[in-house]
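The structure appears below as C-alpha cells.
2 protein chains.
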Amino acid sequence: MRNTARWATTIGLTAAAVCAPLAGAASAAPDGAPPALYAPSALVLTMGHGESATTVAPERAVTLTCAPGPSGTHPAATAACGELAEVNGDLRALTMDEGVFCTHQYDPVVVTVAGVWQGQRISYERTFANECVMNAHGSGVLTF
Amino acid sequence: MRNTARWATTIGLTAAAVCAPLAGAASAAPDGAPPALYAPSALVLTMGHGESATTVAPERAVTLTCAPGPSGTHPAATAACGELAEVNGDLRALTMDEGVFCTHQYDPVVVTVAGVWQGQRISYERTFANECVMNAHGSGVLTF
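Going down the list, the protein sequences come from chains Y and F. Residue numbers for the first sequence follow the UniProt record's numbering, so the first one is 1 and each next one is one higher. Residue numbers for the second sequence follow the UniProt record's numbering, so the first one is 1 and each next one is one higher.
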C-alpha cells in the first residue's frame with residue numbers, strides 16, 4: 001500500500017507538471033473564449049492604388065487567421081496561410097512567378113500585412129509597379 | 001414614340017450614373033472574391049501583459065470584421081463592433097464602467113487594435129493598470 005500511495009503521488013505530480021502550462025494558457029482565456037494553446041496568427045491585409053500605405057487609403061481589407069486553421073474574410077485563406085508560412089509572414093520575400101508577362105506601365109499598388117504571425121507582431125508593406133505584377137507574386141495570399 | 005425613346009434614354013443614363021460607382025467597386029474585386037460595396041473594416045486586436053506593445057509579445061490575438069456584418073475570431077464580434085462604432089475604432093476613448101471595483105495592483109496589460117476601420121487605417125494602443133481595469137472598460141470589445 002505504501003508503494004501504491006507513492007506511485008499515486010508520483011503520477012499525480014507528473015500529471016500536474018505536464019498539465020499546468022496548458023491549464024495556465026487555458027485559464028488565461030476569458031470565459032467563453034476558446035483556450036489559446038498555440039501561438040496566435042491573426043492578420044489584416046490591405047490593398048490600395050498608390051505608392052505608400054501612409055498616403056493611400058485601403059480599397060480592400062481582409063482578415064486572415066492561420067492557427068489553429070485557416071479562416072477569415074480572405075477569399076483564399078488556405079493558400080494565403082501556406083504562402084505566408086513559406087516567407088514567414090514577410091510578403092516582401094514573395095517572388096514573381098516565372099512565365100508571367102506584365103507590361104511596364106507604372107500604376108503602383110501597395111499591399112500591407114499587419115498583425116500577429118506565429119506569436120510575433122509583424123507589419124510589412126510592399127509596392128508593386130502595377131496590379132499585374134502584384135498578381136504574379138504567389139497564387140493565393142494577394143488574391144483578395 | 002419620340003417621347004418614349006427620350007424617356008428610355010433618360011432612365012438608362014440615370015441608371016448608369018447611379019450604378020456606375022457600385023459596378024466599379026464590384027469589378028475591382030478579383031475573380032471569386034465578393035464585391036466590396038462598403039468601406040472595409042478589418043481589424044486585429046491583441047492583448048499582452050506589460051506596458052508597451054513594442055516590448056510585449058501578444059498573448060492573445062483575434063481578428064474582427066465589422067462590415068458587412070460582425071465576424072472574426074473575436075468571441076463577441078457583435079458587441080465588439082458595436083462598442084468600436086461608439087468610439088470610432090479608438091479604444092482609448094472607452095470609459096470604465098461605473099460600479100466596478102478593482103484593486104490598485106499594478107500588473108499592466110496592453111491592448112492594441114490595428115487595421116482598417118470604415119475605410120481608414122487605424123492603430124491604437126492602450127495600457128491598463130491591471131486585467132480587472134481592462135475588463136471594466138466596455139462589455140464586449142476587450143473580452144477576447
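The C-beta atom is built at its ideal place from N, Cα and C for all residues, glycine as well.
Closest to residue i by CA distance: which of the options is it?
i: Y:C132; options: Y:E125, Y:Y124, Y:G99; result: Y:G99
i: F:E125; options: F:L91, F:W117, F:H137, F:Q105; result: F:L91
i: Y:V44; options: Y:L84, Y:Y38, Y:M96, Y:Q105; result: Y:L84
i: F:G50; options: F:L94, F:A39, F:T127; result: F:T127
i: Y:T46; options: F:L94, F:I122, F:N88, F:C102; result: F:I122
i: Y:M96; options: Y:Y106, Y:G140, Y:P40; result: Y:G140
i: F:A39; options: F:A67, F:N130, F:L94; result: F:A67
i: F:A53; options: Y:A129, Y:G119, Y:A53, Y:T65; result: Y:G119
What three-state label does DSSP hand residue i in the structure shown?
i: Y:G82; result: helix
i: F:L91; result: helix
i: F:E59; result: coil
i: Y:V133; result: helix
i: Y:A67; result: coil
i: F:A77; result: helix
i: F:T103; result: coil
Here's a check: name, in chain order, each residue in its chain whose Cβ is nearer than 6 Å to the Cβ of residue i, leaving out the five neighbours to either side.
i: Y:P70; result: A77, T78, C81
i: Y:G89; result: W117, I122
i: Y:G115; result: A42, L43, V44
i: residue 154 of chain Y; result: Any property of residue 154 of chain Y remains undetermined from this structure, which presents chain Y solely from 1 to 144.
Whose C-beta lies closer than 7 Å to the C-beta of residue i among residues of the same chain, with five residues either side of it excluded?
i: Y:M1; result: Summary for Y:M1: the model assigns pLDDT 45, below 50, so the residue's position carries little reliability; its value from the coordinates is reported in the next sentence. Answer for Y:M1: no residue qualifies.
i: Y:G72; result: V62, T63, L64, T65
i: F:V87; result: A93, L94
i: Y:M134; result: V109, V111, F128, L142
i: F:A136; result: M96, D97, V100, C102
May I ask you to list the residues that DSSP assigns as paired with residue i?
i: F:E51; result: F:E51 is not bridged to any residue.
i: F:S41; result: According to DSSP, F:S41 bridges with nothing at all.
i: Y:G128; result: The displayed chain sequence assigns Phe, not Gly, to residue 128 of chain Y. DSSP lists Y:V109 as partners of Y:F128.
i: Y:S123; result: Y:A114
i: Y:T46; result: Y:A61, Y:T112
Under 8 Å Cβ to Cβ from residue i, same chain only, skipping five residues before and after it: list those, please.
i: F:P75; result: V62, T143, F144
i: Y:A129; result: C102, H104, Q105, Y106, D107, P108
i: Y:G48; result: V56, A57, P58, E59, R60, V109, V110
I'd like to know if residue i contacts chain B, where contact means its C-beta is closer than 8 Å to some C-beta of that chain.
i: F:V44; result: This model lacks chain B altogether; the protein chains it does include are Y and F.
Within 8 Å, do at least three Cβ pairs link the segment 106-118 of chain F to the segment 47-58 of chain F? With a cut-off of 8 Å, the segment 106-118 of chain F and the segment 47-58 of chain F count as touching, because enough Cβ pairs lie within range.
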